[in-house]
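Data first, discussion second: the structure below is written as C-alpha cells.
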Amino acid sequence: MSLKVGIISLGCAKNLVDTEVMLGILQQRGLKITPNPADAEILIVNTCAFIESAKEESITTILNLAEYKTNGNCRALIVAGCLGQRYRQELLDEMPEIDAIVGTKSWDRIIEAIQEVLQGNRVILIGDKEVIYDSKTPRILTTPNYTAYVKIAEGCDHRCAFCAIPLIRGKQISRPIEDIKAEVERLAESGVKEINLIAQDSTNYGRDLYGKVKLCDLLRELVKVEKIHWIRILYSYPQSFTDELIELIASEPKICNYVDLPLQHAADSVLKRMHRPDTRLQIETLLNKLRAKIPGVSIRSTFIVGFPGETDEEFETLKKFLQDQRLDKVGIFVYSAEEDTPAAKLPDQVPEEIAQERYHELMSIQSLISQEVNESLRDKEFEVLIEGRDAEVEEVVAGRSYREAPEVDGQIYIENDHKSMAGDIVRVKILDGFVYDLAAEKI
Numbered sequence: 001m002s003l004k005v006g007i008i009s010l011g012c013a014k015n016l017v018d019t020e021v022m023l024g025i026l027q028q029r030g031l032k033i034t035p036n037p038a039d040a041e042i043l044i045v046n047t048c049a050f051i052e053s054a055k056e057e058s059i060t061t062i063l064n065l066a067e068y069k070t071n072g073n074c075r076a077l078i079v080a081g082c083l084g085q086r087y088r089q090e091l092l093d094e095m096p097e098i099d100a101i102v103g104t105k106s107w108d109r110i111i112e113a114i115q116e117v118l119q120g121n122r123v124i125l126i127g128d129k130e131v132i133y134d135s136k137t138p139r140i141l142t143t144p145n146y147t148a149y150v151k152i153a154e155g156c157d158h159r160c161a162f163c164a165i166p167l168i169r170g171k172q173i174s175r176p177i178e179d180i181k182a183e184v185e186r187l188a189e190s191g192v193k194e195i196n197l198i199a200q201d202s203t204n205y206g207r208d209l210y211g212k213v214k215l216c217d218l219l220r221e222l223v224k225v226e227k228i229h230w231i232r233i234l235y236s237y238p239q240s241f242t243d244e245l246i247e248l249i250a251s252e253p254k255i256c257n258y259v260d261l262p263l264q265h266a267a268d269s270v271l272k273r274m275h276r277p278d279t280r281l282q283i284e285t286l287l288n289k290l291r292a293k294i295p296g297v298s299i300r301s302t303f304i305v306g307f308p309g310e311t312d313e314e315f316e317t318l319k320k321f322l323q324d325q326r327l328d329k330v331g332i333f334v335y336s337a338e339e340d341t342p343a344a345k346l347p348d349q350v351p352e353e354i355a356q357e358r359y360h361e362l363m364s365i366q367s368l369i370s371q372e373v374n375e376s377l378r379d380k381e382f383e384v385l386i387e388g389r390d391a392e393v394e395e396v397v398a399g400r401s402y403r404e405a406p407e408v409d410g411q412i413y414i415e416n417d418h419k420s421m422a423g424d425i426v427r428v429k430i431l432d433g434f435v436y437d438l439a440a441e442k443i
C-alpha cells in the first residue's frame with residue numbers, strides 16, 4: 001500500500017506511545033505519513049476517554065476529521081484508543097462517519113483495519129487479551145529527538161472508585177527488564193537524552209511478571225545506558241513508594257529528583273470512598289521522607305474536587321493540606337462521573353457549580369504557592385535541557401531542568417543565549433520565578 005495516512009493522538013503520554021507504535025507499523029508496511037489531514041487518504045484518531053471533557057474532545061476531533069471526507073482526500077476514518085475500546089458499538093451505530101474501530105488491545109491490527117475499510121467494510125477490531133509493545137515493535141517518535149516516553153507496563157490492577165482505566169486497559173502487564181533496556185539503548189543511540197518511564201502505576205512495575213515489584217531493578221539496569229542523561233519516573237502510587245526507591249533516586253545522578261504522586265485527596269473519609277489505600281498520615285509521612293532523603297526533590301501531584309459526598313469540611317481538609325505541604329506542582333480536576341465506575345453510583349453527587357468553585361479556589365491557592373516556590377529558586381544553579389528558541393525573542397531559549405517534566409510543567413527561559421540549540425544541556429542560574437515558569441541566565 002502506498003497510501004497517505006494522517007494520525008492525531010489525544011490524551012496522555014501512554015496513548016501517545018500507542019500512536020507512535022501504530023505510526024511505526026504503518027511506515028514499515030509502506031504507507032506514507034502526512035502531517036496534513038487534507039492530504040491524507042486514511043485518517044486515524046487515537047482517542048481518550050478518561051473523563052467527560054476528554055470524551056468530548058475525542059468526539060469533536062472525529063467530527064472535524066470527518067469533514068475531510070468531503071473537503072479533502074479522506075477515504076476512511078478510523079477511531080483507535082480508549083473511546084473506541086469502551087464505546088465501540090455505540091460509536092459505529094451513531095456516527096456513520098466512522099469506518100473502523102481499533103481498540104486499545106488491537107493497535108497491532110491497524111493494517112487489517114485499513115484493508116477492511118478499503119474493501120467497503122465497517123469493522124470493530126477489539127482484542128480479548130492485554131497487549132503491550134516490545135523493543136522489536138517498530139515505532140516513530142513524535143516527541144523531539146532528545147526526549148522519549150517508554151511504557152514499562154500496560155493496564156492497572158488498582159480499582160479506584162472514580163477511574164475507568166482498568167475497564168478500558170485491563171489488568172497490568174509489565175515488559176521484561178531486558179526488553180525495556182534494549183529499547184532505551186536503541187533510543188540512546190538515536191540521540192535521546194531524557195527517558196520518561198510511564199505506566200498506570202510505575203511503582204507497581206513487575207509485580208505481575210516477577211511476583212514482586214521490580215522498579216528498582218529496572219532502574220539499576222537503565223542507568224547503565226551511557227548516553228542517557230536523565231531518567232524520569234512518572235505516575236507513582238504512594239503506597240508502593242518504597243524506602244529502597246527513595247534511596248536509589250537520591251543516590252543515582254541519572255534518575256531525576258522528581259516525584260509524580262497522584263494523591264487525589266487528603267481527607268481520609270474521601271480517600272476511603274475513592275477506594276484509595278492511603279491515609280493522610282501515610283501521605284504526609286511519605287512527603288516528609290521524600291524531602292528529607294532526596295536533595296532538592298520536586299514533587300508533583302493531582303487532586304480531585306467534587307467527589308461524591310465531599311463536604312465543606314472534607315474540602316477544607318484538602319485545602320489545608322495544600323497550604324501546609326506546599327507542593328511544587330499541582331493539577332486540580334473536577335470530578336467526572338464515569339459510567340460503570342463505583343463512584344458514579346454513590347449518593348450525594350456534588351453540584352457542578354460547587355465543584356467548580358472549589359476548583360477555582362484551590363487553583364488560586366496553588367498559584368500563589370507555585371510562584372513562591374519558584375521565587376525561592378533565585379540564584380540556584382541547574383542543568384537545563386534546551387527545547388527551543390523563543391518565537392518572539394531570538395536571543396532567548398527555553399528548556400527544562402530535572403524539576404520540570406515535559407508537557408505538564410513549566411519551562412525555564414534563558415536570556416542572552418545566542419548559541420544553544422534544542423537538545424543541548426547547559427548550566428544556568430535562576431534570576432526570577434513566576435507561577436509556572438522561571439527566568440535564568442546561562443553560566
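Per our numbering, residue 1 is the first one in the sequence shown, and the count goes up by one each step.
Just so it is clear, CB atoms sit at the ideal spot from N, CA and C, and this is done for glycine as well.
The Cβ-Cβ distance between I231 and I255 falls below 9 Å. In the DSSP assignment, K319 falls outside any beta strand (DSSP E) and within the unbroken alpha helix (DSSP H) covering 312-325. DSSP places R403 outside both helix and strand once states are collapsed to three, so it counts as coil.
Taking a contact as a CB-CB distance under 8 Å, the pair Q366 and L431 does not count as one, their CB atoms being some 23 Å apart. Per DSSP, the unbroken alpha helix (DSSP H) holding S58 starts and ends at 52-66. Uninterrupted alpha helix (DSSP H) stretches at least 4 residues long and entirely within the stretch 173-225 occur at 177-189, 207-210, 215-222, given in chain order.
Taking each of L318, Y68, V426 in turn and checking the Cα distance to L271, the smallest one comes out for L318. Within the same chain, K32, T34, D39, A40, E41 come within 7 Å of K4 by CB-CB distance, once the 5 residues on both sides are set aside.
Non-local beta-carbon contacts of Y413 in its own chain, meaning distances under 8 Å to residues more than five positions away in sequence, involve D390, V396, V397, A398, D437, L438, A439, A440 in chain order.
Annotation for S251: the continuous alpha helix (DSSP H) segment containing it runs 243-251. Remark: C-beta atoms of A148 and N196 approach each other more closely than 9 Å. F50 and I180 have their C-alpha atoms roughly 26 Å apart. Between I425 and K193, the gap from beta carbon to beta carbon is short of 9 Å. Residue environment analysis places I443 among the exposed positions, since fewer than 16 neighbouring C-beta atoms fall within 10 angstroms of its C-beta. Judged by DSSP in its simplified three-state form, A40 adopts coil rather than helix or strand.
For G24, the secondary structure class from DSSP, reduced to helix, strand or coil, is helix. For G84, there is no enclosing beta strand (DSSP E); the enclosing alpha helix (DSSP H) has its first and last residue at 82-86.
A residue is called buried once 16 or more other Cβ atoms fall within 10 Å of its Cβ, and M274 is buried on that count.
Judged by their CB atoms, L263 and S301 are nearer to each other than the 9 Å cut-off. In terms of CA proximity to S135, E183 leads the group I98, E183, H158, A164.
Under DSSP, the beta-bridge partners assigned to K329 are R300.
As DSSP reads the structure, I168 sits in no beta bridge. A residue is called buried once 16 or more other Cβ atoms fall within 10 Å of its Cβ, and K345, having fewer, is exposed.
If you compare the alpha carbons of E57, S2, E52 with that of I8, the shortest gap goes to E57. DSSP places L431 within a strand segment (E or B) once states are collapsed to three.
DSSP, reduced to helix, strand and coil, places V373 within a helical segment of the structure shown. Taking one beta carbon from each stretch, the stretch 215-224 and the stretch 371-379 have fewer than 3 pairs nearer than 8 Å; the two do not touch. In this structure Y87 is buried. Its beta-carbon is surrounded by 16 or more other beta-carbon atoms within 10 angstroms. Counting C-beta atoms within 10 angstroms of its own C-beta, V393 has fewer than 16 neighbours from the protein chains shown and is therefore classed as exposed. In this structure, the straight-line span from the alpha carbon of Q239 to that of V334 is close to 24 Å.
For D260, the uninterrupted beta strand (DSSP E) run begins and ends at 258-260, by DSSP.
The Cβ neighbour count for K329, taken over all protein chains shown within 10 Å, is at least 16; the residue is labelled buried. In the three-state scheme derived from DSSP, where H, G and I count as helix and E and B as strand, E395 is classed as coil. The three-state reading of DSSP puts L438 in strand, counting E and B together. By the 16-neighbour rule on beta-carbons within 10 angstroms, N71 is exposed.
A residue is called buried once 16 or more other Cβ atoms fall within 10 Å of its Cβ, and P253, having fewer, is exposed.
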